[in-house]
Amino acid sequence: MSTSLRLFGRPAVMHAGATTELPAERRSQLLVVLAVRGTWVTRSELASLLWPDRASALALTNVRKALHGARAWPWADALEIQGSAVRLCIATDIQAFELALHEGRLVDAVRCGGAPLLDGLDDLTNAAWTEWLDGERAHHARRWHALTRARLRQLQSEPDEAITFARELLAADPLDEDAVVALLAGLAASGRLDEGHEVYRAYAERLTEELGVEPSLRVRQLVRHTARVGISAAPTVGDGFVGRARELEDLMALLARDGCRLLTVTGPGGAG
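The sequence shown lines up with residues 257 to 528 when you count with the working numbering.
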């Protein structure tokens, strides 16, 4: 009977055709430690991680109780005990993520590892657990970042897919500059310049509101280049500026200067 453990997102076990979330309690914490480690772990290590404020003997007793409670679950035969060491022999989405990365299957790796690691198992009353959990999440975050950058590079010649993936990344982190660049480039390649302008405006406003900074030079240069390409390809009639192609080129040349952050255009009514 196939059994697997989901560790990205809310931890859950898939067993006998059903998916059951693990409760936020010590025996669940114990099992996910074993699942993440994927090897033998000593009882004393589990005791100091899960009951760091208890005397050694009492903490080890708690480990024994947690193991006994875990065995009550119908898939508990995946739990193995050998003397003072314990391990959990079960398939996990972390293993699937690692295998996909190792084999270069970026799409599969992205599909496996996008959700927060061990979501819902935080315990701020336990400093040892919090330190371990933060470390595991930081380690995965570094690998996830490298993976998503590689996937964005892979999609440079596929604008529609790049747009979709970039939007997914921005839904998780609206200030992800690489995703903004990929989205702007994808929209430009698809001829959706107005949509790209709105994306840039919203991004710039969010940066100002949350961090008090403006978009980086890389983003600004991309927007300026896109605007210049759009102007050269646009018709001279019906684009809002009748017969002003030369003036528009001059304006874009001014905007392309690094020191130009504001440009005002004035003239009598009808000049445009």
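The beta-carbon is built from N, C-alpha and C at its ideal position, and this holds for glycine as well.
- A straight-line Cα-Cα distance of about 12 angstroms links Ser-284 and Ala-332.
- By a beta-carbon distance limit of 8 angstroms, Leu-440 contacts Thr-482. Their separation comes to about 7 angstroms.
- Within the segment 260-333, the complete beta strand (DSSP E) segments of 3 residues or longer fall at 268-271, 274-277, listed in chain order.
- In this structure, DSSP gives Gln-351 a helical state, which the three-state scheme calls helix.
- Assignment of Gln-338 by DSSP, reduced to helix, strand and coil, places it in the strand class.
- Comparing alpha carbon positions, the residue from Leu-344, Asp-379, Gly-273, Leu-449 closest to Arg-327 is Leu-344.
- Contact between Val-342 and Leu-290 holds, with the beta-carbon distance rounding to 6 angstroms and staying under 8 angstroms.
- Here the segment 380-390 makes contact with the segment 306-313; the two share three or more CB pairs at distances below 8 angstroms.
- Within the same chain, Cβ atoms closer than 7 angstroms to the Cβ of Pro-415 are found at Gly-442, Ala-445, Ser-446, the five residues on either side in sequence being excluded.
- Here the C-alpha atom of Ala-397 lies approximately 10 angstroms from the C-alpha atom of Gly-391.
- Beta-bridge annotation (DSSP): Arg-343 is paired with Glu-336.
- Going by beta carbons, Ala-418 and Ala-438 fall inside the 8 angstroms limit.
- Counting C-beta atoms within 10 angstroms of its own C-beta, Asp-375 has fewer than 16 neighbours from the protein chains shown and is therefore classed as exposed.
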